[in-house]
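Enquirer:
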Amino acid sequence: MLGGAIAGIAGAFFAWQLTTIYPDKFDPLITFNTWIIVVLGGSGSNAGTILGATIFWSYDSLTRFLLPQLGILSPSQAGYFRIMIIGLILMILMVWRPQGILGKKEELTLGR
């Protein structure tokens, strides 16, 4: 129930930022990024989701401006490369640590 309330508040802030809401504003990339954030940090805790959002935001911000300045890739290729790298990170994480970086609460407290 708390998660639904937080999602509703996040949706309200998102609508406020866009000033208008149309179905074409929600492309699959937004859903993909949201799931990456949850899976990256771990869906077992709110702190994991916050950690996942921080890591994803840092990666997204750094690569968005850094890759085109390197001059190796064109801007469109840099966008595809960024998505490919985050997909690769997600695949490695699912093999290495499927519960996410923070995982479940029981793992963080070592069973106490």
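One point on numbering: in this note's numbering, the residue at position 90 of the sequence shown is 1393, and numbering is uninterrupted.
Cβ atoms here follow ideal geometry from the backbone N, Cα and C, with glycine treated the same way.
Keep in mind it's a predicted model, so treat the numbers as computed, not measured.
1. With distances taken between CB atoms, is the gap from T1357 to V1341 smaller than 8 Å?
2. Quick check on the DSSP output: the alpha helix (DSSP H) that includes F1329 runs from which residue to which?
3. Going by DSSP in three states, G1306 sits in which element: helix, strand or coil?
4. Taking one C-beta from the region 1389-1397 and one from the region 1372-1380 each time, how about it: are there three or more such pairs within less than 8 Å?
5. Would you kindly work out how many angstroms separate the C-alpha atoms of G1314 and I1389, rounded to a whole number?
6. Would you report the Cα separation of G1311 and P1326, rounded to the nearest angstrom?
7. Pull up the distance between the alpha-carbon of W1338 and that of G1374, whole angstroms please.
8. Could you work out which residue in T1323, A1308, R1385 and T1334 is closest to D1363 when comparing CA atoms only?
9. Between which two residues does the alpha helix (DSSP H) harbouring L1373 extend?
Expert: This is what the structure holds:
1. Looking up residue 1357 in the sequence shown gives position 54. Looking up residue 1341 in the sequence shown gives position 38. No; because the gap between Cβ atoms is not below 8 Å, this pair is not in contact.
2. Taking the sequence shown and counting its residues from 1, one reaches residue 1329 at position 26. No alpha helix (DSSP H) contains F1329, which DSSP labels as neither H nor E.
3. Counting from one through the sequence shown, the residue named residue 1306 turns up at place 3. Reduced to three states, the DSSP call for G1306 is helix.
4. no
5. In the sequence shown, the residue the question calls residue 1314 occupies position 11. In the sequence shown, the residue the question calls residue 1389 occupies position 86. Spanning the two alpha carbons is a distance of roughly 24 Å.
6. Position 8 of the sequence shown, counted from the first residue, corresponds to residue 1311. Position 23 of the sequence shown, counted from the first residue, corresponds to residue 1326. C-alpha separation (whole angstroms): 17 Å.
7. Counted from its first residue, the sequence shown places residue 1338 at position 35. Counted from its first residue, the sequence shown places residue 1374 at position 71. When rounded, the distance between both Cα atoms is 30 Å.
8. As a first step, residue 1363 is located in the sequence shown; it is residue number 60 there, counting from the start. Nearest C-alpha to D1363: R1385.
9. As a first step, residue 1373 is located in the sequence shown; it is residue number 70 there, counting from the start. Segment N1349 to L1373, the alpha helix (DSSP H) holding L1373.
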